[in-house]
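Enquirer:
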Ligand SMILES: *Cc1c(COP(=O)(O)O)cnc(C)c1O
């Protein structure tokens, strides 16, 4: 229990929902918390720390360069800014005003999510193409690569793509179409870890920039993310994010991140998403720990916790089954069906003492999901007990 929450009069909750930002996201790895504390009393040029992070992220993802952001959402804003401004300091200074420059981001219509506000924040206009027919069961097609090609023109800055196991068209095909028109592809892969192999999956498929959350399964600081991709685009993101309050004659950005700048830019569009050395240290240590973990062991631990939840609910007035992960070694879950009473049950759990949060999209027919990632075994037993009591 965190005593500070009690001192503040705020009630701690049990997180059976997974990495949901509104209840704190992830359980920070202890070694990441220790790393944050270890650097908090010392100073360092943040740009040099970002250059070191770039090398680590490049090694982990197979991309040219990487950058630590304040979340996948911030990474998407910086990605859009990089695709719009390139190496032009004047455009960087004018964003989000995009007068006179290509600022459209073409996206398959079935990829539109609330997070594409992050792209628009940089000044981009999202142009969506195709239909969601297959998703809605209204027809046989979704979005065809030719429709993306057809929408690319003089005003196109990038193609946007949200990576999920089921998203279409395949990323490699979208990249081929975009690259035929010399347009970069930005991929939102915020929640697509584990498996660790997905760190390089989207770069391998041809993506020019990829955004991951640091505060989901990597279990880094909640306010971190990763942007990985092409050297010129990550360079542009850095120039639009780093604090630029520097005397030109004394400004010495690390060449591994910002080679050969034309001058000191103004504070850029990303300045409001600053990343501290504590977050940088915490994310890098968490990323290393995530990569060091045995994936089969982690998957077995989550699977066992799901089975524990299922078994604990065997006699409850709900229907339960364990749901496989989307990817091999991804996160499994426990689906709970409580019929028409689902919304009310989720509400009773949330009003319980302590409150229990589950993952629920508001559709009673789909039930709700229990995610093992942020639960201890004891908490899992407790959650099953309370669902049984309240169902
Ligand atoms: C979680 C998520 C984000 C936002 O990630 P943050 O790291 O919280 O900024 C963006 N896109 C998708 C698809 C997500 O699941």
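Numbering (our numbering), first residue to last: 129 to 519. Here a beta-carbon is modelled for each residue, glycine too, at the ideal position from N, C-alpha and C.
1. Between residue 238 and ligand 1, is there a pair consisting of the residue's CB and a ligand heavy atom that are separated by less than 8 Å?
2. Is the beta carbon of residue 207 within less than 8 Å of some heavy atom of ligand 1?
3. To the nearest angstrom, report how far apart residue 426 and residue 433 are at their CA atoms.
4. Could you give the residue range of the beta strand (DSSP E) that holds residue 256?
5. Give a yes or no on whether the C-beta atoms belonging to residue 364 and residue 202 are separated by under 9 Å.
6. Judging by CA-CA distance, which residue of 298, 177, 204 and 172 is the nearest neighbour of residue 357?
7. Which whole-angstrom value is the C-beta distance of residue 146 and residue 487, which I expect to be below 8 Å?
8. Between the beta-carbon of residue 362 and the beta-carbon of residue 370, is there less than 9 Å?
9. Please go through the same chain and pick out, in chain order, the residues whose beta-carbon is closer than 8 Å to the beta-carbon of residue 272, but skip the five residues on each side of it.
10. Whole angstroms are fine: how far does the CA of residue 419 sit from the CA of residue 352?
11. Quick check: is any heavy atom of ligand 1 less than 8 Å from the C-beta of residue 263?
12. Use the C-beta contact count for residue 274: other C-beta atoms within 10 angstroms, 16 or more gives buried, fewer gives exposed.
13. So, is residue 306 buried or exposed, given that buried needs 16 or more other C-beta atoms within 10 angstroms?
14. At which residues does the beta strand (DSSP E) containing residue 193 begin and terminate?
15. For residue 163, I'd like the list of residues in its chain whose CB is within less than 6 Å of its CB, leaving aside the five on either flank, ordered along the chain.
16. For residue 347, does the three-state DSSP call read helix, strand or coil?
17. So what does DSSP say about residue 455, is it helix, strand or coil?
18. Measuring CB to CB, does residue 492 end up less than 9 Å from residue 467?
19. Would you mind working out which of 132, 129 and 182 sits nearest residue 384, comparing C-alpha positions?
20. Whose C-alpha, out of 140, 133, 148 and 143, is nearest the C-alpha of residue 343?
21. Taking the CB atoms as reference points, tell me whether residue 347 and residue 187 lie closer together than 9 Å.
22. Pair every Cβ in the region 455-462 with every Cβ in the region 471-479, then say whether three or more of these pairs are closer than 8 Å.
23. Helix or strand or just coil, what does DSSP make of residue 142?
Expert: On the basis of the data shown:
1. Indexing the chain shown from 1 puts residue 238 at position 110. Incorrect: residue 238 has no Cβ contact closer than 8 Å to ligand 1.
2. As a position in the chain shown, residue 207 is number 79, starting the count at 1. No, the beta carbon of residue 207 sits no closer than 8 Å to any heavy atom of ligand 1.
3. Stepping through the chain shown from its first residue, residue 426 is reached at position 298. Stepping through the chain shown from its first residue, residue 433 is reached at position 305. Their Cα atoms are separated by approximately 11 Å.
4. The sequence position of residue 256 within the chain shown is 128, counting from 1. Where residue 256 is concerned, the enclosing beta strand (DSSP E) stretches over 253-257.
5. Walking along the chain shown from the start, residue 364 turns up at place 236. Walking along the chain shown from the start, residue 202 turns up at place 74. Cβ atoms of residue 364 and residue 202: not closer than 9 Å.
6. Indexing the chain shown from 1 puts residue 357 at position 229. With distances taken between Cα atoms, residue 357 lies closest to 204.
7. For the purposes of this step, residue 146 is taken as the residue at position 18 of the chain shown. For the purposes of this step, residue 487 is taken as the residue at position 359 of the chain shown. The Cβ separation is near 5 Å, so the contact holds.
8. The count along the chain shown starts at 1 and reaches residue 362 at position 234. The count along the chain shown starts at 1 and reaches residue 370 at position 242. Against a cut-off of 9 Å, the Cβ pair of residue 370 and residue 362 comes out as no contact.
9. One-based indexing of the chain shown puts residue 272 at position 144. So the list reads 258 and 297, once near-sequence residues are dropped.
10. Taking the first residue of the chain shown as position 1, residue 352 is located at position 224. Taking the first residue of the chain shown as position 1, residue 419 is located at position 291. Approximately 17 Å between the Cα atoms of the pair.
11. The sequence position of residue 263 within the chain shown is 135, counting from 1. Because no heavy atom of ligand 1 lies under 8 Å away, the Cβ of residue 263 does not count as near it: no.
12. Your numbering for residue 274 matches position 146 in the chain shown. Burial call: exposed.
13. As a first step, residue 306 is located in the chain shown; it is residue number 178 there, counting from the start. Per the 10 Å Cβ criterion, buried.
14. What you label residue 193 is simply residue 65 of the chain shown in a count that begins at 1. First-last of the beta strand (DSSP E) with residue 193: 193-197.
15. For this step, residue 163 is matched to residue 35 along the chain shown. Excluding positions up to five away in sequence, the list reads 409, 410 and 413.
16. The sequence position of residue 347 within the chain shown is 219, counting from 1. Here residue 347 sits in coil by DSSP.
17. Numbered from its first residue, the chain shown carries residue 455 at position 327. Here residue 455 sits in coil by DSSP.
18. Residue numbering aside, residue 492 sits at position 364 when the chain shown is read from its first letter. Residue numbering aside, residue 467 sits at position 339 when the chain shown is read from its first letter. A contact, by the Cβ cut-off of 9 Å.
19. Reading the chain shown from its first residue, position 256 is the one you call residue 384. With distances taken between Cα atoms, residue 384 lies closest to 182.
20. Reading the chain shown from its first residue, position 215 is the one you call residue 343. Answer by Cα proximity: 148.
21. Counting from 1 along the chain shown, the entry for residue 347 is found at position 219. Counting from 1 along the chain shown, the entry for residue 187 is found at position 59. Contact: no.
22. no
23. By one-based count along the chain shown, residue 142 stands at place 14. Correct three-state label for residue 142: strand.
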